[in-house]
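Here is the structure we will look at.
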Amino acid sequence: MKRIVSGIVMAAALLSALAMVGCKQDTSTASQGECVVSGICMDATTGAFLASVAVQGESVDGGVKSATTDANGAFRVSFTIDSSSSATFTLRKTSYRDTTFTVTIRSGSVVALTIKMSPTSAVNAGGQSSGLAQTITFLGSSAPEVSVYGVGGKETAVLGWEVRDSLGLPVDATHGVALAFTSTNGPNGGEYISPSTVSTNAVGQAYTTFNAGTRSGVVQVTATTTVGSRTITSSPVRMVINGGFPVQSHFSIAPAFHNFTSLTFLGKTDAITVLVGDMYSNPVAPGTAVYFRSSAGVIQPSSFTNKDGFGSATLYSGNPEPYNGYAAAAYGNGYEYVVARTLGQGGVVIEDSTLILWSGPGRITAMNPTTFNIGNASSQDFTFKVADALGHPLGAGTIIAVTAVIPPPPTQGQQQNQVIVVFGANGTIELPDVIMPGPGTTDFTFTLKDGAWDITDATPVNITISVLGPNVSNSLSYTISGVVH
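Residue numbering for the sequence shown follows the working numbering, starting at 105 and increasing by one per position.
Written as structure tokens, this is what we have:
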């Protein structure tokens, strides 16, 4: 997957020094659908404000914006954008190195920057000839982040280095060297550097282009040269390859709990998580906006993906609860859908939903039979229901237990009849995260057996069903009585 990249000579004009960019306080505001980028330009050596700096910012979504710094070195540009993107800025001023950097822009936000520009005369001011090469210094990148190949984003970045002698002077043409560029620890998606070897120019500089592949990740780029018997290597440069646009086939949504134990409660929470990938199954670019909506309760409106493509929003219980028109029509009261949406390439809507059950306080009903008389060496099956008022399952972690108790014998040491309860594991069942009623989720069966066949006398027995869990404030219990022979 080789792509020919031209314009390396032009790159020298675009990138000649490493920008020092930092955040600062700013009182500007931005309305929804707008991102404001404001900054202060300063001399990196003296700290003086720089007037008449030509500022140009370019964003795929927001177009090209231009400005010129005032007497206080300040500039301000505004992009029209509906979610999030990146903007590449280039600053130019006579006698200063061109400065290029990239920032993330989001709808309704303000990006405040302090940019320090390096004078071209800061090094080798006297114009004297240099010595042999001693160090390799990274000048900067036209874009610190690139997008994976084939998704419409910026796929390349121009990287520049400067070779200096022992006094810190850029090597001249007489002492020029050939820099070899290598990339390591990358995602191995076909990323490459072209050209891989470049000779330094008259001021000790060399430029090459880093090209993204089809996988996102982080890659390190180094420059190396040999002078006599010595090998000189630059410090590794970190390049980030971001994912591309979201695609439907790699868009996922799920709640922390499908069974949201929230009916009749205000302010209960459930985390809704999305995983967003691009066409190559890589995580999308960090900061991709995802929007949420819910037919019931209240949910946070948006989230921005992290480097792994994950984003989340919190669903809060409250009005309206999922009844009638606020419920999922196909499932009825208590059920609702939470929907997550983002935008793919060309503004295509990427959307998915997850079904959630709002369960309420639990109760024990439909006990059958409600009494018993079990013959010697016989058994009896019992059925009952544990559910909320709508007949839906209780939340994950609900524990249902069945116990049978017989009174002590009237005479100490007298043999007493025994009973055996067959239910779940040792008489208990713990519910998983389930939302549909039925056997094992709301409808249960247990068996009571006579355990002492050599005793035929009628022995009173009390059976107790107890329920404890997130839908129960205090332990629920239901007791029935009968006899076993």
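Think of the CB as a built atom: it goes at the ideal place given N, C-alpha and C, for glycine as much as any other residue.
Predicted model, so just to flag it, every value in this text is computed and none were measured.
Residues sharing a beta bridge with residue i, DSSP
i	result
residue 414	379
residue 461	363, 439
residue 584	567
residue 59	Residue coverage of the chain in this structure runs from 105 to 589, which leaves residue 59 outside it and unanswerable.
residue 146	153, 220
residue 308	None, per the DSSP bridge assignment.
residue 358	377
residue 504	533, 571
residue 233	Residue 233 is not bridged to any residue.
residue 547	489, 543
residue 292	According to DSSP, which records beta bridges pairwise, residue 292 is partnered with nothing at all.
residue 169	161
residue 244	264
residue 53	Residue 53 lies beyond the stretch modelled for the chain, which goes from 105 to 589, so this question has no answer here.
residue 138	184
residue 323	343
residue 420	373, 402
residue 484	552
residue 478	588
Nearest candidate by alpha-carbon position, reference residue i, set the options
i	options	result
residue 237	254, 220, 281	281
residue 470	454, 457, 492	492
residue 448	499, 439, 394	394
residue 151	509, 162, 176	176
residue 197	333, 188, 220	220
residue 510	519, 502, 504, 503	519
residue 453	351, 525, 472	351
residue 557	531, 479, 485, 527	479
residue 193	459, 468, 163, 279	163
residue 406	445, 373, 347	445
residue 540	222, 434, 178	434
residue 580	203, 355, 147, 468	468
residue 376	278, 343, 417, 201	417
residue 542	488, 410, 559	488
residue 476	249, 361, 586	586
residue 482	200, 246, 554, 386	554
residue 250	411, 309, 343	343
residue 386	398, 410, 402	410
residue 528	441, 439, 504, 512	504
residue 353	378, 340, 341, 338	378
residue 436	494, 402, 398	494
residue 200	559, 265, 450, 149	149
residue 292	547, 439, 319	319
residue 546	158, 178, 429, 466	466
residue 153	439, 222, 161	222
residue 361	472, 265, 460	460
residue 544	534, 431, 146	534
Contact check, residue i vs residue j, beta carbons under 8 angstroms
i	j	result
residue 538	residue 497	yes
residue 408	residue 443	no
residue 142	residue 191	no
residue 184	residue 137	yes
residue 571	residue 506	no
residue 500	residue 462	no
residue 284	residue 335	no
residue 588	residue 523	yes
residue 134	residue 262	no
residue 458	residue 536	no
residue 321	residue 345	yes
Inter-residue CB distance, residue i and residue j (contact presumed, cutoff 8 angstroms)
i	j	result
residue 357	residue 456	5 angstroms
residue 569	residue 474	Wrong, their Cβ atoms sit about 12 angstroms apart, outside the cutoff.
residue 189	residue 140	So it is not a contact: roughly 14 angstroms between Cβ atoms.
residue 485	residue 532	Contact flag wrong, Cβ pair sits at about 18 angstroms.
residue 144	residue 203	13 angstroms between Cβ atoms; not a contact.
residue 234	residue 269	5 angstroms
residue 300	residue 323	Contact flag wrong, Cβ pair sits at about 14 angstroms.
residue 384	residue 348	7 angstroms
residue 374	residue 252	About 33 angstroms; that fails the 8 angstroms criterion.
residue 355	residue 331	The Cβ separation is near 53 angstroms, so there is no contact.
CB contact check: residue i to chain B, cutoff 8 angstroms
i	result
residue 458	The structure shown contains no chain B, having only a single protein chain.
Is the stretch 381-393 close to the stretch 555-566, with three or more CB pairs under 8 angstroms?
no
Is the stretch 198-209 touching the stretch 300-308, taking contact as three or more C-beta pairs under 8 angstroms?
no
Would you call the stretch 360-376 and the stretch 417-432 in contact, with 3 or more CB pairs under 8 angstroms?
yes
Is it the case that the stretch 239-257 contacts the stretch 165-174, given that we only count it when at least three CB pairs across the two stretches are under 8 angstroms?
no
Under 8 angstroms, with one C-beta from each stretch per pair, do the stretch 312-320 and the stretch 267-275 reach the 3-pair mark?
no
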